[in-house]
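Asks: Chains as they are written, first to last, in the working numbering: chain E, 50 to 440; chain Y, 27 to 223; chain X, 6 to 226; chain G, 2 to 104. Right, I'll just put the structure down here and ask away after.
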Amino acid sequence: MFDKLDQIFVTLKHLVMGHLPAAWQPLASAVISIALIPIVFPGLFAIVTVIERKGLGRIQNRYGPNRVGPFGFLQFVADGIKALIKEDVVPRAADKMVHFLAPVMMLIPVLLAYAVLPFGRKMVVADYDAGLLFFFAVGGGVELSVFMAGWSSRNKYSLLGAMRAIAQMISYELPLILSAVTVVMMVGSLNLSEIVKHQNQYTFGIAHWFVFSPWGLAGFLLFLVASLAESNRTPFDLPEAESEIIAGYFTEYSGFKFALFFLGEYLGMFAISGLGITLFLGGWTAPFSFLTWIPSYVWFLSKLLGIVFVFIWIRGTLPRLRMDQLMNFAWKFMLPLALINIVVAGIWHYMGPDWPRWLVCSAILACAYGLLGLGLMHNQKLGKRIYRYAE
Amino acid sequence: MSLFLVITFVVTLLAAVAAMSLRNLVHCALMLAIAFSGIAAAYLQLNAEFAGFTEILVYVGAIAILIVMAILLTRSGEAPEKSVLTSGWLAGVVVTVMVFTTLGWAVLNSTALPPPPVEAPQATVKNIGDMLMTRYILPLEIIALMLTAAMIGAVIIAFKEDGKSKSSQGNETPIQIGNQPEPLPAGSVESRKEGVA
Amino acid sequence: MLGEQIIKGMAITAKNFFGSYVSKERLTTVQYPEERLPQQGNTRQFPMLVFDGDPEKGLRCVACTICEKECPPQCIYIVKSKDKKPDYKGQPQLYPAIFDIDISVCMSCSICVEVCPFESIKMNTEFELSTDDRFGALLLHKNDLAKSNEYYQKLHPDDAKESDAALAVEKAKAEAKVKAAAEAKVAAEAKAKAAAVAAPAPATPTPTTTSSATPPPAVAK
Amino acid sequence: MTPLQVCLLFSALLFATGFAGAVTRRHAILVLIGIELMLNAANVNLIAFWRFGPHPEALTGFIFVLFSMALAAAEAAVGLALVIAIFRHKKTSNLDEVKDLKG
Numbered sequence: 050m051f052d053k054l055d056q057i058f059v060t061l062k063h064l065v066m067g068h069l070p071a072a073w074q075p076l077a078s079a080v081i082s083i084a085l086i087p088i089v090f091p092g093l094f095a096i097v098t099v100i101e102r103k104g105l106g107r108i109q110n111r112y113g114p115n116r117v118g119p120f121g122f123l124q125f126v127a128d129g130i131k132a133l134i135k136e137d138v139v140p141r142a143a144d145k146m147v148h149f150l151a152p153v154m155m156l157i158p159v160l161l162a163y164a165v166l167p168f169g170r171k172m173v174v175a176d177y178d179a180g181l182l183f184f185f186a187v188g189g190g191v192e193l194s195v196f197m198a199g200w201s202s203r204n205k206y207s208l209l210g211a212m213r214a215i216a217q218m219i220s221y222e223l224p225l226i227l228s229a230v231t232v233v234m235m236v237g238s239l240n241l242s243e244i245v246k247h248q249n250q251y252t253f254g255i256a257h258w259f260v261f262s263p264w265g266l267a268g269f270l271l272f273l274v275a276s277l278a279e280s281n282r283t284p285f286d287l288p289e290a291e292s293e294i295i296a297g298y299f300t301e302y303s304g305f306k307f308a309l310f311f312l313g314e315y316l317g318m319f320a321i322s323g324l325g326i327t328l329f330l331g332g333w334t335a336p337f338s339f340l341t342w343i344p345s346y347v348w349f350l351s352k353l354l355g356i357v358f359v360f361i362w363i364r365g366t367l368p369r370l371r372m373d374q375l376m377n378f379a380w381k382f383m384l385p386l387a388l389i390n391i392v393v394a395g396i397w398h399y400m401g402p403d404w405p406r407w408l409v410c411s412a413i414l415a416c417a418y419g420l421l422g423l424g425l426m427h428n429q430k431l432g433k434r435i436y437r438y439a440e
Numbered sequence: 027m028s029l030f031l032v033i034t035f036v037v038t039l040l041a042a043v044a045a046m047s048l049r050n051l052v053h054c055a056l057m058l059a060i061a062f063s064g065i066a067a068a069y070l071q072l073n074a075e076f077a078g079f080t081e082i083l084v085y086v087g088a089i090a091i092l093i094v095m096a097i098l099l100t101r102s103g104e105a106p107e108k109s110v111l112t113s114g115w116l117a118g119v120v121v122t123v124m125v126f127t128t129l130g131w132a133v134l135n136s137t138a139l140p141p142p143p144v145e146a147p148q149a150t151v152k153n154i155g156d157m158l159m160t161r162y163i164l165p166l167e168i169i170a171l172m173l174t175a176a177m178i179g180a181v182i183i184a185f186k187e188d189g190k191s192k193s194s195q196g197n198e199t200p201i202q203i204g205n206q207p208e209p210l211p212a213g214s215v216e217s218r219k220e221g222v223a
Numbered sequence: 006m007l008g009e010q011i012i013k014g015m016a017i018t019a020k021n022f023f024g025s026y027v028s029k030e031r032l033t034t035v036q037y038p039e040e041r042l043p044q045q046g047n048t049r050q051f052p053m054l055v056f057d058g059d060p061e062k063g064l065r066c067v068a069c070t071i072c073e074k075e076c077p078p079q080c081i082y083i084v085k086s087k088d089k090k091p092d093y094k095g096q097p098q099l100y101p102a103i104f105d106i107d108i109s110v111c112m113s114c115s116i117c118v119e120v121c122p123f124e125s126i127k128m129n130t131e132f133e134l135s136t137d138d139r140f141g142a143l144l145l146h147k148n149d150l151a152k153s154n155e156y157y158q159k160l161h162p163d164d165a166k167e168s169d170a171a172l173a174v175e176k177a178k179a180e181a182k183v184k185a186a187a188e189a190k191v192a193a194e195a196k197a198k199a200a201a202v203a204a205p206a207p208a209t210p211t212p213t214t215t216s217s218a219t220p221p222p223a224v225a226k
Numbered sequence: 002m003t004p005l006q007v008c009l010l011f012s013a014l015l016f017a018t019g020f021a022g023a024v025t026r027r028h029a030i031l032v033l034i035g036i037e038l039m040l041n042a043a044n045v046n047l048i049a050f051w052r053f054g055p056h057p058e059a060l061t062g063f064i065f066v067l068f069s070m071a072l073a074a075a076e077a078a079v080g081l082a083l084v085i086a087i088f089r090h091k092k093t094s095n096l097d098e099v100k101d102l103k104g
């Protein structure tokens, strides 16, 4: 019975396709699996905006929106209507065509990136042989749209915001890809379903998730921090910080285009945390062998909500990084640690499956983390503040 | 010959011609990005999956942004001067036409190749990896060296000289505004620190 | 070690987040329209006119227009009445035919309350006065402003008692004056009779003139 | 017109566009864009021959394209660095004015 529940969407799709004539079947199957993404994830985006505002509220000892709908869960409808009603102001000096295309160009790569993520057992839209490479290749398109938005509004602040956003995205793309490389080394294939199948075995009831190994944990933390920066979220949200450059590259956007940027940012966040789940947290696999009766897509969704909650939690806690701190952190801490992580993954692979490899790998990683951290804290003076009192 | 491939070819050609002929440079760069994505789509349809994704990653993701940054750094974002072509543009066009006719003639009546294998070749990541690691190991190392050398070279070329070189224009030294704040007497800072820590 | 403070910070926000579900007194928000905070004693929003008994006749304001002159943003507009009406002391006083306060201009500084010699204008605590009509509705007229003294007692009990004490003292003085005037009159009549008895022949016409000068009857409060 | 010939014609056309742009345009960056297009035309050629050629399992054309992409990226980086250096020196990126060799 559980297997039927697990494959319910797949059977539904075949059911629907059954009615169509044979010639139309491949097209129908493509359309159905593609149509699911723009329905499910913008819905998730709507709910997560409310969860985010309520979570931030609760962190700051207040309620968060509770007026619109039960416990405030229709707030996204109000925001959506507000975005639709707001007048769409286009600056006179703006480059009309590029200004109009920027939000579209932001959504295309993000929605494309969902094609390779395995949401459940046999539930992946396009099972490419080089799925991971496709995800990162398409992820690069977002920077182009950020530039188009910043440049076309002909406004110094949005251009500065766009330049900062691009610099940040490029310098955090490197640790992102390098931390994913360690997983590819271990599995030996770029195919995401292959990676999940590799993590689907259990010993003494615990799943073989990569996050449970030292190089996997380091890789996962690196991936998490880099995805925070890639989706411009809180410790790294300098490009669109209200206190700095008004709203960064989408200063000159209002009304529905602004909402599209907002949607693009959240969909980007879901996509990249979805990838993090697939690489390190075992995609749609259950953590323990006795829990495998829960359907696979439920596991994927709950892990996704878990990571989104950690993002919100980080947003409620950490202050914003300055531009130079942000860059130093990427090039002088994240990149070397990612490279060391690849070496450690190599050592892990060739030391054979007994306990000393745990010790060696975690020792190397711990002292690498400590040394790099000390180096960063020392010349960046990130340690305890030294106060100089005015005479 | 699938219809989609022809459509991709036409779209890519239009984007490439636009990239070459538009006046505003940033529009050229964006058209170039579309041309690159068109070429990547062509690769995907020719079953070269890995090459298509690498094309998007390398060209659309990196080189297009690099060109756009260079356009902004050389402040030619929106300065379409009077004539966009160089003085000797006619000779260029003539040479181009000659180049294209020879290529076209060579393509059209070259001896036909044996018919390709019926099922499309599979360039799976596994055998690309094996090929790279076994047969093409030397070019891989050379490419790695070349990329590092190129990166260092690019940085050195584009590095901003610190004003000592006697360049003809002589870049301006930073103007002094007001007197420099004299550094804090070292003694007071140390004593403050002990007081606090 | 890098990240130490980050973990400490995250722990604090986690404690806040889960604490807010567990202990209710962490959440101090008051759901405004449903729950309301009790207002402090000296809350003041916009002025009101106090009356004793009947809003028309018992209005304490005598249209002396001191508050109109003193009001910094000049948001009070008074037009005096032609006729007079007796006030609480019984003297005939003017009263305001029109007494308007523009609450969109009033800055609730309560200077009018301080300068009013007749304890007739006090500060009300009514603040939900928003309307969608931008002009007329924000100009409160005499009948909107008039509030009974009991309402005033309930609103500001302590300084309401002071103002009533002052009014009572004022009334007592007035009655004492009236009584004194009455006794003086009685004494004058007694003297006049005594003078009449002492000189009966020439004084026969004087008693008729004194009767017309008797003071008007004291109005029962 | 076999599919291979269509691909070759397309890459020839792409090459001609890139060449025309590189030769006729005045701006330095547009010359670099032309060169990029030419490189891509060559890559399309290689993939076409790999796809329709006799021994596709040998993957020669395919690997050649990967290496040529890496090369193109390096060339673009160095080329643009040169353009920026010239601009910083001569305050212009118009190729007609960058004629004198003296620094």
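Backbone N, C-alpha and C define an ideal beta-carbon position, used for all residues, glycine too.
1) State the start and end residues of the unbroken alpha helix (DSSP H) segment that holds Phe20/G.
2) Going by DSSP in three states, Ser153/X sits in which element: helix, strand or coil?
3) In the DSSP assignment, find the alpha helix (DSSP H) that holds Met57/Y and state where it starts and stops.
4) What does a CB cutoff of less than 7 Å around Ser345/E pick up in its chain, not counting 5 residues either side in sequence?
5) Can you find a C-beta in chain Y that's less than 8 Å from the C-beta of Tyr399/E?
6) Going by other Cβ atoms of all chains shown within 10 Å of its Cβ, with 16 needed for buried, is Tyr399/E buried or exposed?
7) With Asp1/X as the anchor, note down where its alpha helix (DSSP H) starts and where it stops.
8) For the beta strand (DSSP E) holding Lys103/E, just list the boundary residues, first then last.
9) Please work out which residues of its chain come closer than 7 Å, Cβ to Cβ, to Leu42/X, disregarding the five sequence neighbours upstream and downstream, and give them in chain order.
10) Skipping 5 residues on each side, what residues in its chain have a beta carbon closer than 6 Å to that of Arg406/E?
11) From Phe125/E to Ala278/E, what does the alpha carbon distance come to, in whole angstroms?
12) What residue ranges within the region 49-127 of chain X form continuous alpha helix (DSSP H) runs of no fewer than 4 residues, ordered along the chain?
13) Quick check: what's the CA-CA separation for Ile71/X versus Cys117/X?
14) Does Tyr37/X come out as helix, strand or coil in the three-state DSSP assignment?
15) If you run the structure through DSSP and keep just helix, strand and coil, what is Ile255/E?
16) I want to verify the contact list: residues of chain Y whose CB lies under 7 Å from the CB of Val99/G, in sequence order.
17) Which residue wins for smallest C-alpha separation from Gln109/E, given the options Arg364/E, Ser411/E and Gly67/E?
18) Could you check whether the Cβ of Thr150/Y sits closer than 8 Å to any Cβ belonging to chain E?
19) Could you check where the alpha helix (DSSP H) with Ile343/E kicks off and where it finishes?
20) Looking only at its chain, what residues have a beta carbon closer than 8 Å to the beta carbon of Leu172/X, apart from the 5 residues adjacent to it on each side?
21) Starting from the Cα of Ile108/X, find the closest Cα among Cys69/X, Ala102/X, Tyr82/X and Val191/X and give me that residue.
22) What do you reckon, are the CB atoms on Ala42/G and Phe16/G nearer than 8 Å?
23) Buried or exposed: which applies to Trp200/E, given that a residue is buried once 16 or more other Cβ atoms fall within 10 Å of its Cβ?
24) Going by the beta-carbon positions, is the gap between Leu96/G and Thr112/Y smaller than 8 Å?
25) Within the 8 Å Cβ cut-off, does Tyr163/E reach chain Y?
26) In angstroms, rounded to a whole number, what distance separates the CA positions of Ala132/Y and Thr93/G?
27) Keeping to the same chain, check which residues put their C-beta closer than 6 Å to that of Ala102/X; ignore five residues upstream and five downstream.
28) Can you list the residues of chain G that Glu81/Y reaches, using a CB-CB cut of under 9 Å?
29) Give the residues of chain E in contact with Ile11/X, contact being defined as C-beta atoms less than 7 Å apart.
30) Please list, in chain order, the chain E residues whose beta carbon lies closer than 9 Å to that of Pro31/X.
31) Can you look up Asn204/E in the DSSP assignment and give me helix, strand or coil?
32) Note down, in chain order, each residue of its chain lying with its Cβ closer than 8 Å to the Cβ of Ser63/Y, except the 5 sequence neighbours on either side.
33) So the alpha helix (DSSP H) Tyr163/E belongs to, where does it begin and stop?
34) Please determine, among Leu375/E, Leu209/E, Asn240/E and Ala216/E, the residue with the shortest C-alpha to C-alpha distance to Val173/E.
35) Measure the alpha-carbon distance for Ile86/E versus Ala162/E and round it to whole angstroms.
36) Can you check whether the CB of Phe378/E is closer than 8 Å to the CB of Leu425/E?
Replies: According to the structure data:
1) Here the alpha helix (DSSP H) through Phe20/G covers Pro4 to Thr25.
2) Three-state result, Ser153/X: strand.
3) Leu51 to Gln71
4) Asp55, Gly169, Arg170 and Trp333
5) Chain Y contact via Cβ: absent.
6) exposed
7) Outside the shown range of chain X (6 to 226) lies residue 1/X, about which nothing can therefore be said.
8) Element bounds for Lys103/E: not the beta strand (DSSP E) but the alpha helix (DSSP H), Gln74 to Ile108.
9) These residues qualify, in order along the chain: Val35.
10) Trp397 and Met400
11) 25 Å
12) 71-75 and 116-120
13) 8 Å
14) If DSSP states are grouped into helix, strand and coil, Tyr37/X belongs with coil.
15) strand
16) By Cβ distance, chain Y contributes nothing, its closest Cβ being about 12 Å from Val99/G, past 7 Å.
17) Arg364/E
18) yes
19) First-last for Ile343/E: undefined, no H or E at that position.
20) Tyr93 and Glu124
21) Tyr82/X
22) Cβ atoms of Ala42/G and Phe16/G: closer than 8 Å.
23) buried
24) Cβ atoms of Leu96/G and Thr112/Y: closer than 8 Å.
25) no
26) 41 Å
27) Hits under 6 Å: Val84 and Ser86.
28) Asn41, Asn44, Val66 and Met70
29) Leu367
30) At residue 31/X the sequence reads Arg, which differs from the Pro that was named. Near Arg31/X (Cβ distances below 9 Å), the residues of chain E are Asn110.
31) coil
32) Ile82 and Val86
33) No alpha helix (DSSP H) holds Tyr163/E; DSSP gives it neither H nor E.
34) Asn240/E
35) Inter-residue distance for Ile86/E and Ala162/E is about 10 Å (C-alpha atoms, whole angstroms).
36) yes
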